[in-house]
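2 protein chains.
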Amino acid sequence: MMIEEKPALARPAPFKFEPHHFAPAAYNLESSIIRDILKFSNQPGVISFAGGLPGPDLFPVEEIREAADRVLTHYGTKALQYGLSMGYSPLREFIAERVAMRGGVQLSADNILVTSGSQQALDVVGRAFLEPGNYVLCCRPTYLGALQAFSFYGARYAPIEMDNDGMMVEKVDPVIRELHPRLMYVVPNFQNPSGITMSEKRRQLLVQKSQQYGIPIIDDNPYGELRYSGTDVPSIKSIGGQAVIQLGTFSKIISPGLRIGWIAASRQTMGVFERVKQCTDLHTNEFAQYVIYEFVQNGALDRHIERLKVAYHERRDAMLRAMSEFFPDTVTWTKPDGGLFLWVRLPEHADATQLFNSAIEEKVAYVPGKPFHPDGSGGNTLRLNFSNASLENIHEGIKRLGRVFSTLA
Amino acid sequence: MMIEEKPALARPAPFKFEPHHFAPAAYNLESSIIRDILKFSNQPGVISFAGGLPGPDLFPVEEIREAADRVLTHYGTKALQYGLSMGYSPLREFIAERVAMRGGVQLSADNILVTSGSQQALDVVGRAFLEPGNYVLCCRPTYLGALQAFSFYGARYAPIEMDNDGMMVEKVDPVIRELHPRLMYVVPNFQNPSGITMSEKRRQLLVQKSQQYGIPIIDDNPYGELRYSGTDVPSIKSIGGQAVIQLGTFSKIISPGLRIGWIAASRQTMGVFERVKQCTDLHTNEFAQYVIYEFVQNGALDRHIERLKVAYHERRDAMLRAMSEFFPDTVTWTKPDGGLFLWVRLPEHADATQLFNSAIEEKVAYVPGKPFHPDGSGGNTLRLNFSNASLENIHEGIKRLGRVFSTLA
Chain A
1 MMIEEKPALA RPAPFKFEPH HFAPAAYNLE SSIIRDILKF SNQPGVISFA
51 GGLPGPDLFP VEEIREAADR VLTHYGTKAL QYGLSMGYSP LREFIAERVA
101 MRGGVQLSAD NILVTSGSQQ ALDVVGRAFL EPGNYVLCCR PTYLGALQAF
151 SFYGARYAPI EMDNDGMMVE KVDPVIRELH PRLMYVVPNF QNPSGITMSE
201 KRRQLLVQKS QQYGIPIIDD NPYGELRYSG TDVPSIKSIG GQAVIQLGTF
251 SKIISPGLRI GWIAASRQTM GVFERVKQCT DLHTNEFAQY VIYEFVQNGA
301 LDRHIERLKV AYHERRDAML RAMSEFFPDT VTWTKPDGGL FLWVRLPEHA
351 DATQLFNSAI EEKVAYVPGK PFHPDGSGGN TLRLNFSNAS LENIHEGIKR
401 LGRVFSTLA
Chain B
1001 MMIEEKPALA RPAPFKFEPH HFAPAAYNLE SSIIRDILKF SNQPGVISFA
1051 GGLPGPDLFP VEEIREAADR VLTHYGTKAL QYGLSMGYSP LREFIAERVA
1101 MRGGVQLSAD NILVTSGSQQ ALDVVGRAFL EPGNYVLCCR PTYLGALQAF
1151 SFYGARYAPI EMDNDGMMVE KVDPVIRELH PRLMYVVPNF QNPSGITMSE
1201 KRRQLLVQKS QQYGIPIIDD NPYGELRYSG TDVPSIKSIG GQAVIQLGTF
1251 SKIISPGLRI GWIAASRQTM GVFERVKQCT DLHTNEFAQY VIYEFVQNGA
1301 LDRHIERLKV AYHERRDAML RAMSEFFPDT VTWTKPDGGL FLWVRLPEHA
1351 DATQLFNSAI EEKVAYVPGK PFHPDGSGGN TLRLNFSNAS LENIHEGIKR
1401 LGRVFSTLA
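So the protein sequences, as listed, match chains A and B. Sequential numbering from 1 applies to the first sequence in this note's numbering. Sequential numbering from 1001 applies to the second sequence in this note's numbering.
Listed below in structure tokens is the structure:
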């Protein structure tokens, strides 16, 4: 008996990825408008106030070189091996002590998870807390990177108005009662994008609301150590204790390329964060953790931050001076006591996104404010970075911007 | 008229995190049993075959030290600054050329996304493709880290039996028709945990099924360059082209502590991967990318891999010899042509998880096989790592394990 072979399958068409292959939450992610704008900003001759970059002229390159050399001379096989999901223990102890000392709170290494920059800290927080449709209470405007991290998990936003004392917390009750937010998210010190610092009274009220409604607070604090004027305000973590999850990073005070940030939180939450971190990327770059730990020894971090503060203070003042000189009277701006950013408000009818094209013609760049507004408002606002430009470029760039804004009439 | 003030709110109880505060997908994550086992394995005097660690005695510490020194001397301000979400372009070009050369495929830097180790590559893939309830077709056993990454996104699994030629692809049709998997996941070379390499015929059949049903293949390839015997099999990517997303890493061939892996895929998918990467952690450690790029120049990577292969070849052979000498006849094992792992099968009734306690009493550690089986089978199997032990320890440790297994009767 002959057994008839089945005919071979017709050769299928070459594989092509279609939208249905992807998870909608990923496929529908929008590219950051900031990233697109940064491409324009890098054109030759453009003075850019767009990025959130620290000044590379201030990187402690030589000290990092020496630290890396010592790490590989003395701990090479350990720094190059797999590490723990929670992070390199001596670095966690250093972070705990520093956060505790500056924040007036009690912390140990067990309260610290090391992350790949504070963007990953935001992502870990999003993963740990958010389900699709959950609301996040935040400021209007708020940090764009947090919106990007949380939105992947299906977050919606309950944006609260700000004044010069930060989020207007006295307005949150009806919003909380209606939307039951899962998290409260704030950048209390020298906020990105506005540069505004939340007052102590508002911090206390926020903690009170957090306790009253049982909603954790995410206290995102990348700039807290970069104060150039005024006096420190007690940290939300020191007021709220267990309820507060504080995020920090070495990106703005040492180097963003090393990608070392952290989450400081109660032990109750750390088990969840650790398991999330483990399935995400096992652990943070071990070599970079060793290098940072080696660099910060013997007060080197404090000395470096003092250098940063002197330089950024000058740059902030130069920008404020130039704005007074060159911006028309119809334009207003914040006067931040620290951080990297100033916030500009154009006349109501102006569109900072459209105006960006005129700015590029004048060879100067900024970031339009609209993407920082989860409700799509803020079309007449924009963000200026003052940390990543020389004093000369600040003067010249603001002069160019002044010409652009003068056309607004 | 007196306006009566509302009474102050009673001071609320201190905040306490409860399960309802967390997203269930995160709260319910299980800690990796491997992580728990590694804690036991690190006790003094224990010979551990448990981890998946490369041998630290073989790390190119001095060359990395020189590379780091050159990077910070010549490119300090760039290596310490923010970078691109896709990764450092020269490194992406190097990876593209190397993957193309070894895999017989056409690739450019545009096809490469640099990730924080290949665990993050798995996470990015999970984010990009998986929705809750989606099935992933995989081997039984399969890599535990992939299960952890995918499970966060709600994946379920369609595990397919393996023989010495890898996944028995001829059995997939009814499974695919019933469960409509969103992805096919394989570790084709020296699989973790089994050490098995998929035959060319099976690879071709897998690609045919992928084309036929329109399901992308994840070709996870951390060990492909570590072959000690036999000859290379054409890569799934070279057979399947666009349909295949290949994951790679420098963890096993340079250093896991530097956490540099990658995704090699068609441009159609790269836009999604890039946006996912951006909201996850902005970009991979820039300094580590520069250091690796500096290290691999002038054939240094090939020379280093040759050294690894000589050493791991000896260790594999030492373990196989010792197993023949000390293991009872009722125990069988694989003879991998490369990679870091051997796979052991105990008699049917044996429980490798329970037996771990006896092993620890004998001061020797392994990983029980059950967690690598998404269907909960494999209780009588276990994984041994041979890359992270000296020849003496391999002999002595296998001797100890032989004593443990002899009690099985």
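Ideal placement from N, C-alpha and C gives every residue a C-beta, glycine not left out.
Identify which residue in A:Leu-80, A:Tyr-75, A:Leu-137 has its Cα closest to the Cα of Val-1291 of chain B. In the second sequence, residue 1291 of chain B corresponds to position 291, counting from 1. For Val-1291 of chain B, the nearest C-alpha among the options comes from A:Leu-80.
Please report the residue range of the beta strand (DSSP E) in which Met-319 of chain A lies. As a first step, residue 319 of chain A must be located in the first sequence, where it is residue number 319. Counting along the chain, Met-319 of chain A falls outside any beta strand (DSSP E), though it belongs to the alpha helix (DSSP H) covering 300-326.
If you measure from the beta carbon of Phe-386 of chain A to each beta carbon in chain B, is any gap under 7 Å? To locate residue 386 of chain A, count along the first sequence from 1; it is residue 386. Answer no: the Cβ-Cβ gap between Phe-386 of chain A and chain B never drops below 7 Å.
What does the Cβ neighbour count give for Gln-297 of chain A, buried or exposed, with the cut at 16 atoms within 10 Å? Against the first sequence, residue 297 of chain A aligns to sequence position 297. With fewer than 16 other Cβ atoms within 10 Å, it is exposed.
Closer than 8 Å at the beta carbon, the chain B residues around Asn-285 of chain A: On the first sequence, position 285 is the one that residue 285 of chain A refers to. Residues of chain B passing the Cβ test: Ser-1116, Gly-1257, Leu-1258, Arg-1259, Asn-1285, Ala-1288.
On the DSSP letters alone, give me the boundaries of the alpha helix (DSSP H) that Ile-37 of chain A sits inside. As a working note, residue 37 of chain A is residue 37 in the first sequence. From DSSP, the alpha helix (DSSP H) with Ile-37 of chain A extends over 33-41.
Residues in the same chain with beta-carbon distance under 6 Å from Val-1207 of chain B, minus the five sequence neighbours each way, listed in chain order, please. Mapped onto the second sequence, residue 1207 of chain B falls at position 207. Closer than 6 Å at the Cβ level, and outside the excluded window around Val-1207 of chain B, lie Ile-1239, Gly-1240.
Identify each residue in the region 1120-1138 of chain B for which the Cβ-Cβ distance to at least one residue of chain A is less than 7 Å, and report them in chain order. Gln-1120, Asp-1123, Arg-1127, Ala-1128, Phe-1129, Leu-1130, Glu-1131
So which residues on chain A does Arg-1065 of chain B lean against when the C-beta distance must stay under 9 Å? By 1-based counting over the second sequence, the position of residue 1065 of chain B is 65. The contacting residues are Ala-68, Asp-69, Val-71, Leu-72, Thr-73, Gly-76.
CA-CA distance, Asn-285 of chain A and Leu-1258 of chain B? For the purposes of this step, residue 285 of chain A is identified with residue 285 of the first sequence, where counting begins at 1. For the purposes of this step, residue 1258 of chain B is identified with residue 258 of the second sequence, where counting begins at 1. Whole-angstrom Cα-Cα distance: 6 Å.
How would you call Lys-1237 of chain B, buried or exposed, if buried means at least 16 neighbouring beta carbons within 10 angstroms? As a working note, residue 1237 of chain B is residue 237 in the second sequence. Burial call: buried.
Using the Cα positions of Gly-369 of chain A and Gly-378 of chain A, report the straight-line distance between them to the nearest angstrom. For the purposes of this step, residue 369 of chain A is taken as the residue at position 369 of the first sequence. For the purposes of this step, residue 378 of chain A is taken as the residue at position 378 of the first sequence. Gly-369 of chain A and Gly-378 of chain A: Cα-Cα distance of roughly 6 Å.
Is it the case that the region 114-128 of chain A contacts the region 257-275 of chain A, given that we only count it when at least three CB pairs across the two stretches are under 8 Å? yes
Residues bridged to Ser-1048 of chain B [DSSP beta-bridge criterion]: Locating residue 1048 of chain B in the second sequence gives position 48, where the first residue counts as 1. Ser-1048 of chain B is bridged to B:Ala-1365.
Within 10 Å of its beta-carbon, does His-283 of chain A have 16 or more other beta-carbons around it, so buried, or fewer, so exposed? Within the first sequence, numbered from 1, the residue matching residue 283 of chain A stands at position 283. The residue in question, His-283 of chain A, is buried, as its Cβ has 16 or more Cβ neighbours within 10 Å.
CA-to-CA distance, Lys-1277 of chain B to Asp-123 of chain A, given in whole angstroms: Taking the first residue of the first sequence as 1, we reach residue 123 of chain A at position 123. Taking the first residue of the second sequence as 1, we reach residue 1277 of chain B at position 277. Taking the straight line from one Cα to the other gives about 11 Å.
CA-CA distance, Pro-1019 of chain B and Tyr-1027 of chain B? Reading the second sequence from its first residue, position 19 is the one you call residue 1019 of chain B. Reading the second sequence from its first residue, position 27 is the one you call residue 1027 of chain B. Distance between the alpha carbons of Pro-1019 of chain B and Tyr-1027 of chain B is about 7 Å.
DSSP beta-bridge partners of Asp-163 of chain A: Here the question's residue 163 of chain A lines up with position 163 in the first sequence. Its beta-bridge partners are A:Gly-166.
What residues from chain B crowd round His-21 of chain A, counting only those whose CB sits closer than 7 Å? The count along the first sequence starts at 1 and reaches residue 21 of chain A at position 21. Within chain B, the residues near His-21 of chain A are Phe-1129, Pro-1216.
Same chain, Cβ closer than 7 Å to Ala-100 of chain A, five either side skipped, listed in chain order: Here residue 100 of chain A refers to the residue found at position 100 when the first sequence is read from its first residue. Gln-106, Leu-107, listed in sequence order.
6 Å CB neighbourhood of Ala-1067 of chain B in its chain, flanking five on each side removed: Stepping through the second sequence from its first residue, residue 1067 of chain B is reached at position 67. So the list reads Val-1291, Glu-1294, Phe-1295, once near-sequence residues are dropped.
In chain B, what lies closer than 8 Å to Lys-16 of chain A by C-beta? For the purposes of this step, residue 16 of chain A is taken as residue 16 along the first sequence, with counting starting at 1. Simply Gln-1242, Gln-1268.
Is Arg-1202 of chain B buried or exposed, if buried means 16 or more other CB atoms sit within 10 Å of its CB? In the second sequence, counting from the first residue as 1, residue 1202 of chain B sits at position 202. Buried is the call here.
contact_flag[the region 1164-1181 of chain B, the region 1250-1270 of chain B] where n(CB pairs < 8 Å) is 3 or more: no
Put Arg-383 of chain A into one of helix, strand or coil per three-state DSSP. The residue labelled residue 383 of chain A in the question sits at position 383 within the first sequence. Reduced to three states, the DSSP call for Arg-383 of chain A is strand.
Those runs of the alpha helix (DSSP H) which lie wholly inside the region 1208-1279 of chain B and span at least 4 residues: 1236-1240
At least 3 beta-carbon pairs within less than 8 Å: the region 1125-1138 of chain B vs the region 1179-1187 of chain B: yes
Proximity winner among B:Gly-1195, B:Asn-1111, B:Arg-1035, B:Thr-1381, relative to Arg-1227 of chain B (alpha-carbon distances): The sequence position of residue 1227 of chain B within the second sequence is 227, counting from 1. That would be B:Gly-1195, whose Cα lies nearest to the Cα of Arg-1227 of chain B.
Assign Val-1404 of chain B to one of three DSSP states: helix, strand, or coil. Numbered from its first residue, the second sequence carries residue 1404 of chain B at position 404. Three-state result, Val-1404 of chain B: helix.
Does the beta-carbon distance from Ile-1245 of chain B to Ile-1215 of chain B come in below 7 Å? Residue mapping note: residue 1245 of chain B aligns to position 245 of the second sequence, counting from 1. Residue mapping note: residue 1215 of chain B aligns to position 215 of the second sequence, counting from 1. No, the Cβ-Cβ distance between Ile-1245 of chain B and Ile-1215 of chain B is not below 7 Å.
Contact set between the region 26-45 of chain A and chain B, restricted to residues whose Cβ is under 8 Å from the partner: Ala-26, Tyr-27, Leu-29, Glu-30, Ser-31, Ser-32, Arg-35
Output the boundary residues of the alpha helix (DSSP H) element that contains Leu-84 of chain A. Within the first sequence, residue 84 of chain A is the residue found at index 84, counting from 1. Premise fails: Leu-84 of chain A is in no alpha helix (DSSP H) and is neither H nor E.
Give the residues from the region 1087-1116 of chain B that approach chain A closer than 9 Å (Cβ to any Cβ), ordered along the chain. Thr-1115, Ser-1116
Which term fits Met-1001 of chain B, buried or exposed, when burial requires 16 or more other beta carbons within 10 angstroms of its beta carbon? Translated into positions along the second sequence, residue 1001 of chain B becomes position 1. Bear in mind that the predicted position of Met-1001 of chain B carries a pLDDT of just 43, short of 50, making it unreliable; the figure below should be weighed with that in mind. With fewer than 16 Cβ atoms within 10 Å of its Cβ, Met-1001 of chain B is classed as exposed.
Let me know the secondary structure DSSP gives Val-186 of chain A once reduced to three states. In the first sequence, the residue the question calls residue 186 of chain A occupies position 186. Val-186 of chain A: strand per DSSP, three-state reduction.
Any beta carbon of chain B sitting closer than 7 Å to that of Arg-307 of chain A? Walking along the first sequence from the start, residue 307 of chain A turns up at place 307. For Arg-307 of chain A, the answer is no, since every Cβ of chain B falls outside 7 Å of its Cβ.
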